[in-house]
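What follows is a short report on a single structure.
In structure tokens:
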């Protein structure tokens, strides 16, 4: 079992480094600059993380295979999320097929006193994914992908349902 855990850890680290994307974080440091543990909720084999987006809680699926982090375009108005005017759209291909991707403007992302700035989200239609989760009484706002996980050098502990990441505590403006 330990050999499998080490092998999985090495594979996840290699995936994270290969998918590393440059993100800027620009805010005022007020304290803790060490790593922190993000506690996840687990349903079946899937991990979920609750973050606050523009001061409202939202549930995110943690997906190490997703190259980018996305937010459901069907829920953007509830969270005060706007799209970049005239922003370049792209195409996202996954298990559900191809769909348009819309760049999202600035959003305020928080986890227990930690504010993440500069993390880029893209808007996609997660309606079909949410229909699957609604059977379990859940609705996700988005997906946390490898861009977030690799930038913050995440280590996922599947047994304790924790994600250790490098974050800095910032002033909540």
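Numbering (the working numbering), first residue to last: 245 to 417.
Note that the Cβ used here is the ideal one computed from N, Cα and C, for glycine as well.
Note that the structure is predicted; figures quoted are calculated from it, not measured.
- Comparing alpha-carbon positions, the option among 322, 405, 358 and 364 lying closest to residue 351 turns out to be 364.
- Within the same chain, and ignoring the five residues on either side of residue 387 in sequence, the residues whose Cβ sits closer than 7 Å to its Cβ are 304, 305, 307, 310, 313 and 314.
- The straight-line gap separating the alpha-carbon atoms of residue 380 and residue 366 is approximately 25 Å.
- Of all alpha-carbon atoms in 344, 391, 336 and 377, the one lying nearest the alpha-carbon of residue 292 is that of 377.
- Considered as a whole, the stretch 354 to 386 harbours 371 to 378 as its complete alpha helix (DSSP H) runs of no fewer than 4 residues, in chain order.
- The C-beta distance from residue 374 to residue 316 rounds to 7 Å, short enough to fall under 8 Å.
- Residues of the same chain with a CB within less than 6 Å of the CB of residue 328, apart from the 5 flanking positions on each side, are 347 and 349 in chain order.
- Here residue 286 is exposed. Its C-beta has fewer than 16 other C-beta atoms within 10 Å.
- Looking at the DSSP output, residue 335 sits in a beta bridge with 344.
- Under the three-state reduction of DSSP, residue 297 is assigned to strand.
- Distance between residue 299 and residue 368, taken at the CA atoms: about 21 Å.
- Annotation for residue 394: no beta strand (DSSP E) segment contains it, though the alpha helix (DSSP H) segment containing it runs 390 to 395.
- Of the candidates 297, 396, 335 and 282, 297 places its Cα closest to the Cα of residue 319.
- The continuous beta strand (DSSP E) containing residue 287 extends over residues 285 to 287.
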